[in-house]
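Take a look at the structure set out below.
There are 2 protein chains.
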Amino acid sequence: MRYDGAMTEPVPWLDARERAAWLRLAAMVELLPGTLSQQLERDADLSHFEYYVLAMLSEAPDRTLAMSALAQRTNATLPRLSHVVRRLENRGLVERSGCPTDRRVTMAHLTPAGWDLVVDTAPGHVRHVRSLILDGLTSEQVDQLHEITAAILDRIDPRGCMVDFYTDPADTAGGTAAADGAPEAKTA
Amino acid sequence: MRYDGAMTEPVPWLDARERAAWLRLAAMVELLPGTLSQQLERDADLSHFEYYVLAMLSEAPDRTLAMSALAQRTNATLPRLSHVVRRLENRGLVERSGCPTDRRVTMAHLTPAGWDLVVDTAPGHVRHVRSLILDGLTSEQVDQLHEITAAILDRIDPRGCMVDFYTDPADTAGGTAAADGAPEAKTA
DNA sequence: GCGCATTGGTTGACACTTCAACCACTGCGG
DNA sequence: CCGCAGTGGTTGAAGTGTCAACCAATGCGC
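Shown next, in the form of structure tokens:
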């Protein structure tokens with residue numbers, strides 16, 4: 022399983038700048054998920070991923086989405102989503118039902134209780150995201166972060182599955198009032 | 022467990038720019054760990070975290086570090102590290118031994134087999150990191166990434182535990198030839 | 001209309017992380 | 001020198017993610 026004993030090509034080692042940037046990125050990727058989940062677990066007994074699932078449903082038309090569509094929007098594999106939705110269903114936050122037109126498909130629907138939970142949880146979560154990420158960055162850095170993450174995602178997730186749902190300039194004018202996709206209160 | 026029913030303070034919602042940057046960051050944080058581990062698992066049957074542990078040991082004086090020091094350098098909790106090191110020890114890549122001066126402390130030492138594995142694996146890993154992250158960014162963006170991640174880490178990890186070990190300008194001149202801390206071949 | 005590959009989704013087993021409890025040791029206050 | 005709080009580390013149980021296997025339904029080729 023060794024990589025390749027012979028020196029096939031000179032390895033383009035990282036220089037100090039690259040190394041420092043990469044080590045910090047790695048540290049952030051390691052630390053951020055836990056930090057995000059802590060606040061949500063305390064306030065709503067939800068992991069960040071669970072919140073994400075509920076939030077995406079809360080924004081969908083009819084608060085309903087096919088499992089595979091939901092998986093794309095949440096960057097999850099289908100098995101993972103299936104397990105999580107089952108747990109959320111047991112808590113009465115989500116309901117599953119078959120799709121009449123294509124009976125392979127399972128639709129996930131946000132219940133009123135699930136909606137209420139998202140509505141109650143969103144403000145605190147937005148505040149938390151703001152205080153962790155955005156408050157420490159200048160306006161230029163937010164734009165830079167946007168560009169950089171877009172570039173990296175292109176290479177990590179070639180199909181660009183997720184991520185580009187809310188990039189459409191349609192609502193750029195109105196100013197979407199959501200983090201992770203908080204519910205749009207007006208449509209409630 | 023609802024967040025806070027009453028409208029205490031107006032929630033500073035995210036605008037379109039902030040939201041887009043945040044959603045991409047969240048997606049990246051979700052997707053990157055798996056992508057990183059895949060390559061290492063294929064080439065060396067190591068998760069990214071396991072590689073990180075071996076790499077940090079490979080750079081330490083005498084290739085040895087106390088468990089708690091190693092935990093800091095790898096952004097891990099002590100229980101997590103303890104489990105992982107036990108597995109690595111079972112594979113003969115690491116050895117544990119008591120510390121004579123403070124008998125509470127456990128020292129973790131990289132075995133020759135562990136060293137060889139890191140040496141063989143590092144080039145492929147560096148190439149992978151380069152192709153995933155750095156090749157898609159301009160030189161300016163690498164610096165921006167450095168600044169942005171530093172700012173975020175300040176807020177996530179107030180104690181700044183890890184991360185600042187290799188920021189010291191001492192070796193900026195020599196150009197450390199490491200990603201995640203690959204072994205410094207010259208010292209071998 | 002009959003195969004058959006493909007899609008959508010679920011399940012169970014296994015691996016890993018987290019959390020709380022716990023033990024051993026240190027070092028400080030009296 | 002004793003008691004005790006704090007540190008360093010390990011362990012086992014419980015929760016979560018991943019992977020492979022599987023099933024049902026679709027729709028295409030013929």
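Protein sequence lines, in the order shown, are assigned to chains A and B. Basically the working numbering = 1-based index in the first sequence + 21. Basically the working numbering = 1-based index in the second sequence + 21. Here a beta-carbon is modelled for each residue, glycine too, at the ideal position from N, C-alpha and C. Quantities reported herein were computed from a predicted structural model and do not represent experimental measurements.
Item	Value
Tell me whether ARG151(B) sits in a helix, a strand or coil according to DSSP, three-state version.	helix
To the nearest angstrom, report how far apart ARG9(A) and THR122(B) are at their CA atoms.	As shown, chain A starts at 22 and ends at 209. That puts residue 9(A) outside it, with no answer to give.
I think VAL139(A) touches SER79(A), with their Cβ atoms under 8 Å apart; what is that distance to the nearest whole Å?	5 Å
By a C-beta neighbour count over all protein chains shown, 10 Å radius and 16 as the cutoff for buried, is GLY64(A) buried or exposed?	This sequence places Asp at residue 64(A); Gly is not what is there. It is buried - the Cβ of ASP64(A) has at least 16 other Cβ atoms within 10 Å.
Rounded to the nearest angstrom, what separates TYR73(B) and ARG112(B) at their Cα positions?	16 Å
Under 9 Å between beta-carbons, which chain B residues line up against ASP164(A)? List them in chain order, please.	ARG38 and ALA42
Using 10 angstroms around the beta-carbon of HIS167(A), count the other beta-carbons present and answer buried if the total reaches 16, otherwise exposed.	buried
When burial is assigned at 16 or more other CB atoms within 10 Å of the CB, is HIS146(A) buried or exposed?	buried
Tell me which residues of the stretch 84-111 of chain A have at least one Cβ-Cβ distance to chain B shorter than 7 Å, keeping chain order.	ASN96
Check whether the stretch 50-63 of chain A and the stretch 144-158 of chain A touch, using three or more Cβ-Cβ pairs below 8 Å as the test.	yes
Taking THR95(A) and MET128(A) to be in contact with their CB atoms under 8 Å, please state how far apart those CB atoms are, rounded to whole angstroms.	No, THR95(A) and MET128(A) are not in contact; Cβ-Cβ is about 15 Å, not under 8 Å.
Assuming SER89(A) is part of the alpha helix (DSSP H), what are its boundary residues?	88-94
What are the start and end residues of the alpha helix (DSSP H) that includes ARG107(B)?	99-111
Nearest by alpha-carbon distance to SER103(B): which of ASP66(B), THR170(B), THR159(B) and PHE70(B) is it?	PHE70(B)
For the alpha helix (DSSP H) containing THR170(B), name the first residue and the last one.	160-177
Could you check what DSSP says for ALA37(B) in three-state terms: helix, strand or coil?	helix
State the DSSP-derived secondary structure class of ALA81(A), mapped to helix, strand or coil.	coil
Quick one, are the C-beta atoms of VAL163(B) and ARG38(A) less than 9 Å apart?	yes
Just checking: is the beta-carbon of ALA134(A) within a distance shorter than 9 Å of some beta-carbon in chain B?	no
Run through the DSSP bridge pairs and tell me what ARG125(A) is partnered with.	In the DSSP output, where bridge partners are listed per residue, ARG125(A) has none listed.
GLY157(A) touches chain B at which residues, Cβ-Cβ below 8 Å?	ALA172, ILE173, ASP175 and ARG176
Answer with yes or no whether the minimum CB distance from HIS130(B) to chain A is below 9 Å.	no
By DSSP's criteria, HIS130(B) is part of a beta bridge. Which residues make up the other side?	THR85(B) and GLU116(B)
Between GLU51(A) and chain B, is any beta-carbon pair separated by less than 9 Å?	yes
Confirm, please, whether the CB-CB distance from THR170(B) to ALA42(A) is below 9 Å.	yes
Thinking just about the alpha-carbon of each residue, which of GLU116(B), ALA81(B) and GLN60(B) is nearest to the one in HIS149(B)?	GLN60(B)
Could one say the Cβ of LYS207(B) lies closer than 9 Å to chain A's Cβ atoms, at least one of them?	Because LYS207(B) sits at a pLDDT of 30, beneath the cut-off of 50, its placement in the model cannot be relied upon, and the following sentence gives the value as read from the coordinates. False, the Cβ-Cβ gap to chain A never drops below 9 Å.
Drop a sphere of 10 angstroms on the beta-carbon of GLU161(A), count the other beta-carbons inside from all chains shown, and report buried for 16 or more, exposed for fewer.	exposed
So the candidates are ASP36(A), SER89(A) and LEU75(A); which of them puts its Cα closest to the Cα of TRP136(A)?	LEU75(A)
Rounded to a whole number of angstroms, what is the C-alpha to C-alpha distance between ALA220(B) and PRO133(A)?	Lying before the first or after the last residue shown, residue 220(B) is absent from chain B, which here runs from 22 to 209.
Name, please, each residue of chain A whose Cβ falls closer than 7 Å to the Cβ of LEU75(B).	By Cβ distance, chain A contributes nothing, its closest Cβ being about 14 Å from LEU75(B), past 7 Å.
Is the Cβ of SER152(B) closer than 9 Å to any Cβ of chain A?	yes
May I ask you to list, following chain order, the residues of the stretch 54-74 of chain A that have a beta carbon less than 7 Å from some beta carbon of chain B?	PRO54, THR56, ASP64, ALA65 and ASP66
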